[in-house]
Each structure stands twice: as structure tokens, then as C-alpha cells.
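Converting from the sequence shown to my numbering requires adding 2 to each position, the first position being numbered 1. The C-beta atom is built at its ideal place from N, Cα and C for all residues, glycine as well. Some notes on the structure that comes next.
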Amino acid sequence: MIAFFKDLGRTFAEHRRTLLITFAAVIAVLLVVGLILKWQTHRAGFCESCHYMEPYVRHWQASSHADVTCVKCHDYGVTALTISALKYWSGTYNPRPKANVHDENCLASGCHEVR
3 MIAFFKDLGR TFAEHRRTLL ITFAAVIAVL LVVGLILKWQ THRAGFCESC HYMEPYVRHW
63 QASSHADVTC VKCHDYGVTA LTISALKYWS GTYNPRPKAN VHDENCLASG CHEVR
């Protein structure tokens, strides 16, 4: 078993530069994909890709909240997004939108004083 780890260490040492470049490339790709996903999920059109949102988006665009992104008020973190994506791909998602807006989001600094 010790010989295995010595061989593994030698192999890593011989290919350290290649491994570091590969690791850096993977991190860069994950970072770019993460930034694209973050940008996409903050757009109203993202929700419309799975849910029936057309009348809700029209109403939002005509309201005083048109300059506020959906995720500023609606709770939709990484966990919820991941679960929703899995449900979508498995065909078990609900096309009706979920509109959870907690009071804390409305009463945050720069928003409403009283709900």
C-alpha cells in the first residue's frame, strides 16, 4: 500500500504542471458557467422558460417594481434552483409559478416601510 502512494506521488510530481493547468481550466469553466447561470436566473425570462409567467411578467413590467429583479423579492436560492432543475428534467415540475415573498424582503432597506 505504501508503494502505491509513493508511485502516485511520483506520477503527480511528473505531471504537476499538466495537472495544475487542467485544474485551473476546470475552475475557470466552472466560474464562467456559474456567472452565466447567476445572470440568467436573475432575468424574468428564465422563469418563463418553465413556468406559465406571461401575464405575471406583463403586470410586473407595468408596475412600480419593474426596475426590481424577481429574485430580489421572491426567495429562490441555489438549493431551490437545483431542486427545480432536477424536477424539470425529470418531468415532475409544476408549471404554475410559486410566488413566495417574505415580509423581510419587502421591508428591506430601500423598499417598503410597511407591507
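Rounded to whole angstroms, LEU88 and ALA5 show a C-alpha spacing of 43 angstroms.
Within the same chain, TYR95 come within 7 angstroms of SER86 by CB-CB distance, once the 5 residues on both sides are set aside. Contact fails between the segment 45–52 and the segment 8–17, because fewer than three Cβ pairs, one in each stretch, are under 8 angstroms apart. Taking C-alpha positions only, VAL103 is separated from GLU115 by approximately 15 angstroms. Its Cα nearest to that of GLY79, the residue LYS40 stands out among HIS61, TYR58, MET55 and LYS40. Around the beta carbon of MET3, fewer than 16 other beta carbons lie within 10 angstroms, which makes this residue exposed.
Residue nearest to PRO57 within the set ILE23, PRO99, GLY93 and CYS113 is PRO99 (criterion: CA-CA distance).
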